[in-house]
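Here is the structure we will look at.
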Amino acid sequence: MMTDLEWWTWVLVGVALGSMLILGVSQWLGKRKTISSSKGVVYPPEYGEGVWPMVTNLVAFSANPLAMVRRGQEKLGDVFTIRLGPRRMTFMLGPGPTEVMFRSTDAQMDSSEPYSFSVPVFGRNVVYDSPLEERYQHFRIFSGGLRADKLKSYVPKMVEEATMYFDKTWNDPSGTGEVDLLDSLSELIVLTASRCLLGREVRENLFVSVNNLLHDLDMGMQPISILAPYLPIPAHRLRDRARKEISAIFRGVLENRRAKGVKEEDLLQVFIDARMRDGKPLTDDQIVGLLIAAIFGGQHTSAITSTWTGLHLIRDQQVLSKVILEQRNIQEEFGEELNFEALLKMDLIHVCMKETLRMYPPLVFLLRKVLEPREVGKYTIPVNDYAVVSPQISGRMSTVFPDPEKWDPSRFLSPRSEDKLMPFAFFGFGGGRHSCLGEQFAYLQVKTIWSHLLRNFVIEPVGELSTPNFNGMVVFPNHPCRVRYTRKKL
């Protein structure tokens with residue numbers, strides 16, 4: 000993992016190099032608050048900090064991007080542009096501007112270039128490195144592995160993994176112990192995702208190796224990776240080595256299944272059986288890339304959301320008592336078995352998750368490259384800008400969600416239904432054409448975990464509520480996230 004010193008070293012190197020490259024044009028550009036054309040088109044106002052925004056913006060944004068964007072919003076409103084070196088980032092905050100992004104087609108706003116930093120992790124010819132039409136086919140195949148019938152088959156695996164994990168780790172002889180909730184749930188999420196997505200062979204025989212390699216891949220996505228994904232830093236070298244090793248492992252699993260004619264109920268099998276529109280199967284490299292994308296898309300969202308949900312739930316006795324009552328009602332209707340139908344009826348846990356995602360989205364910004372001019376209110380966003388929406392900022396706007404700093408799941412229930420008052424007021428799983436394909440999988444996974452915990456343990460907070468850690472690409476809770484558990488007596 001790259002240290003803070005390394006990270007800042009490369010940021011400063013980038014700033015220095017960028018300064019030399021843009022020296023000739025920065026004075027001219029820095030004098031202009033907005034760009035306007037002779038035809039009277041009005042572009043969003045520009046927000047900058049310091050005497051030389053072309054450089055000082057980079058430093059301010061690297062230090063605390065959320066704080067800088069909030070300062071821009073306070074000064075200029077919900078639509079404005081920040082220059083980061085040669086790149087224009089136009090921020091579209093709140094439901095109205097956000098809707099423009101999510102209603103746009105891929106021909107108008109595309110995600111491949113902004114997320115090209117993920118190519119060394121996911122691989123070539125898949126996800127953001129594939130042509131648009133091919134990418135659509137990959138998404139179609141992916142969604143086929145997350146249909147209702149497939150999700151239904153994953154639930155018993157989720158239940159089994161949760162039962163085994165908590166029996167093994169929350170097992171103090173006295174019946175009472177303390178754990179770090181984030182660490183515990185992160186471990187369980189990876190186990191469950193491995194079982195349902197990567198396959199039985201990986202979960203039973205190769206989990207430790209694959210988990211370590213996934214960690215190295217994860218650490219290879221550093222803030223500097225966005226600007227320079229192939230920079231020869233230690234984190235990137237570890238990432239590249241891990242990518243080769245995990246590819247070899249998955250290829251071995253693929254060859255073994257084909258040789259034995261084995262069929263499993265997992266996402267890996269869906270990819271093996273899939274066919275593109277021309278009748279050709281996915282290549283092994285594409286299967287490996289899609290598997291890595293699947294595990295990356297799921298593990299962070301579920302681990303973060305399940306942890307924050309629990310940390311708030313055990314501190315709010317009024318909500319907790321209602322959720323426990325819901326569990327009892329579900330047990331009366333379905334018995335002790337946790338199944339797909341029972342999980343779908345857990346409306347209170349569902350809105351607890353939504354409220355958590357409103358306050359603590361794992362991704363702070365979502366990006367698209369503008370390919371055609373887009374109208375946002377009185378402004379026109381020009382071609383080649385990066386359009387940026389922020390679930391973190393939009394989710395805490397008091398004009399959309401009253402008392403936004405309060406964790407209040409009832410805001411998503413009738414009659415309030417604050418998320419339905421305006422289109423895209425809530426987009427915890429993205430929105431539009433590229434909303435998260437694994438949304439239902441995540442809901443089932445987190446509901447399974449907390450149903451098991453609430454039925455088998457009394458859980459109490461230890462210490463103060465954690466705070467978000469905004470230093471990485473994905474926003475986790477800061478450690479510690481300690482809780483005290485007491486196993487219920489049968």
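In numbering that gives the first Met the number 0, the protein residues as written are 0 to 489. Cβ coordinates follow ideal geometry from the N, Cα and C atoms, glycine included. Quantities reported herein were computed from a predicted structural model and do not represent experimental measurements.
| query | result |
| --- | --- |
| Roughly how many angstroms separate the alpha carbons of P228 and V154, rounded to a whole number? | 37 Å |
| Classify P476 as helix, strand or coil using the three-state DSSP reduction. | strand |
| Could you check where the alpha helix (DSSP H) with T97 kicks off and where it finishes? | P94 to R102 |
| When the Cβ atoms of the region 278-286 are set against those of the region 110-117, are three or more pairs found closer than 8 Å? | no |
| Can you give me the Cβ contacts of H451 inside the same chain, cut-off strictly under 8 Å, excluding the 5 residues immediately before and after it? | V158, A161, T162, F165 and L337 |
| Hey, would you say P403 sits closer than 9 Å to V350, going by beta carbons? | no |
| Quick one: give me the first and last residue of the beta strand (DSSP E) that A386 is part of. | Y385 to V388 |
| I'd like the ranges of any alpha helix (DSSP H) spanning at least 4 consecutive residues and lying wholly in the region 356-438. | 390-393 |
| Residue range of the alpha helix (DSSP H) that E325 falls in? | Q316 to F333 |
| Suppose the cutoff is 8 Å on Cβ atoms and the five residues either side in sequence are ignored; what does the same chain contact list for L453 look like? | V322, I323 and Q326 |
| Go through the region 40-78 residue by residue and report every complete run of the alpha helix (DSSP H) that reaches 4 residues or more, in order. | 52-62 and 64-75 |
| Rounded to whole angstroms, what is the Cα-Cα separation between L131 and V54? | 34 Å |
| Could you check what DSSP says for P233 in three-state terms: helix, strand or coil? | helix |
| Nearest to Y385 by alpha carbon, out of P172, I81 and F295? | I81 |
| If you follow the alpha helix (DSSP H) that E133 is part of, which residue opens it and which one closes it? | L131 to G143 |
| With 16 as the cutoff for other CB atoms within 10 Å, does T466 come out buried or exposed? | exposed |
| Any contact of the region 127-141 with the region 241-254, i.e. 3+ C-beta pairs under 8 Å? | no |
| Is it buried or exposed for F45, if we count other Cβ within 10 angstroms and need 16 for buried? | Checking the sequence shown, residue 45 turns out to be Glu, not Phe. Flag for E45 reads buried. |
| What are the start and end residues of the alpha helix (DSSP H) that includes M163? | A147 to T168 |
| Can you list, in chain order, the residues of its chain whose CB lies under 7 Å from that of G198, leaving out five sequence neighbours each side? | V252, E263, D265 and L267 |
| Going by C-alpha distance, which of A66, K156 and D77 is nearest S393? | D77 |
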